[in-house]
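Residue numbers (UniProt numbering): 1 to 73. Using N, Cα and C, we set each Cβ at its ideal position, and we do this for glycine too. Model, not experiment: these values are computed from the prediction. Data first, discussion second: the structure below is written as structure tokens.
What follows is the structure, given as structure tokens:
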């Protein structure tokens, strides 16, 4: 699950380098409002979930995103 998510995450944000579970995804150079929309669309397309804005704002790391996906599934 983790590697599949990371691959989809990297594709959605167009990240070419490595991604670690402890990375704060908001610190990536690629992170902007369009990246946020791409990530939200990826979560819906790949996993069929929507994360409420208040919950999304609490998420900081790639690992947090994965935990939220697992919790919502």
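Counting along the chain, residue 57 sits inside the alpha helix (DSSP H) bounded by residues 53 to 58. Residue pairing by DSSP puts residue 61 in a beta bridge opposite 24. In the DSSP assignment, residue 73 falls outside any alpha helix (DSSP H) and carries neither an H nor an E. In this chain, the alpha helix (DSSP H) harbouring residue 42 covers 33 to 47.
With respect to the 9 Å criterion, residue 69 and residue 6 are not classified as neighbours on the basis of their beta carbons.
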